[in-house]
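K.L.:
In my numbering, the protein residues as written are 116 to 262. Questions regarding the structure given below will be posed in turn.
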Amino acid sequence: MLQNKLVPLVSKMDPLLFFDCLMYLNYYYYYMFTMSNIAIWIAKKWSDVYETPNITRDAYIAASLTISELLKLVLFKKFRPRYTGWSVLMAVFLTVLSMLALLYVFIIQWPVLRLEICLDIMLFVLLTFEVIYGIHVFMPCCAQEEF
């Protein structure tokens with residue numbers, strides 16, 4: 116009797132569930148990242164130890180990163196129940212913009228504080244997984260039924 120009810124060992128991955136979990140994690144990480152980013156910018160602005168010749172440009176990049184992340188989180192939360200595909204596509208696009216701002220911090224910005232590097236690397240890893248699972252949402256091999 117039990118032999119007829121075997122459960123297959125291989126099941127499909129649910130990328131939308133992973134993507135939702137990553138966005139949920141980003142909701143909590145966003146506030147900490149934003150407050151620390153503002154505090155780091157203020158510390159650099161008033162510091163006599165660090166010479167920051169492009170502090171204004173760095174502030175614009177940090178503000179664009181913060182705004183794009185906020186826009187992504189708000190729009191995804193608003194449109195996710197009704198327009199799943201479009202909300203994921205928009206979130207992936209804004210995530211790529213945020214990743215470009217982080218690449219500016221890693222490659223061009225000088226000086227970069229150690230705390231800033233640690234926080235930005237954590238955010239970059241989170242955003243990388245968001246892009247990977249966001250792309251997997253649209254792949255037919257990973258399609259899942261929504262209940």
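Idealized CB from N, CA, C, for every residue including glycine. For clarity, every value in this text was computed on a predicted model and none was experimentally measured.
Using a Cβ-Cβ cut-off of 6 Å (strictly less than) and excluding sequence neighbours within five positions of residue 181, which residues of its own chain qualify?
P.N.:
If we look at residue 181 and ignore the five residues flanking it on each side, its Cβ neighbours are 149.
K.L.:
Could you check the C-alpha separation between residue 273 and residue 175 for me, to the nearest Å?
P.N.:
No answer is possible for residue 273: it lies beyond the span of the chain, which begins at 116 and ends at 262.
K.L.:
Name the residue from 222, 211, 224, 185 whose alpha carbon lies nearest to the alpha carbon of residue 143.
P.N.:
The shortest Cα separation from residue 143 among 222, 211, 224, 185 belongs to 185.
K.L.:
Going by C-alpha to C-alpha distance, which of 162, 227, 206 sits closest to residue 134?
P.N.:
Measuring from the Cα of residue 134, the nearest candidate turns out to be 206.
K.L.:
Could you tell me the alpha carbon to alpha carbon distance between residue 137 and residue 146, rounded to whole angstroms?
P.N.:
Between residue 137 and residue 146, the C-alpha separation is close to 15 Å.
K.L.:
Within its chain, find whatever has a CB closer than 7 Å to the CB of residue 227; leave out the 5 residues flanking it on each side and keep chain order.
P.N.:
Counting only Cβ-Cβ distances below 7 Å, and skipping sequence neighbours, we find 220.
K.L.:
For the candidate residues 252, 243, 224, whose alpha-carbon lies nearest to that of residue 159?
P.N.:
Considering only alpha carbons, the answer is 224.
K.L.:
List the endpoints of the continuous alpha helix (DSSP H) containing residue 256.
P.N.:
Taken as a continuous stretch (DSSP letters only), residue 256 belongs to no alpha helix (DSSP H), as it is neither H nor E.
K.L.:
Would you call the segment 191-199 and the segment 233-246 in contact, with 3 or more CB pairs under 8 Å?
P.N.:
Too few Cβ pairs lie closer than 8 Å, so no.
K.L.:
Which residue comes first and which comes last in the alpha helix (DSSP H) that contains residue 130?
P.N.:
Looking at the DSSP string, the run of the alpha helix (DSSP H) that includes residue 130 is 130-161.
K.L.:
Out of curiosity, what's the CA-to-CA distance linking residue 229 and residue 157?
P.N.:
Cα-Cα distance, rounded: 15 Å.
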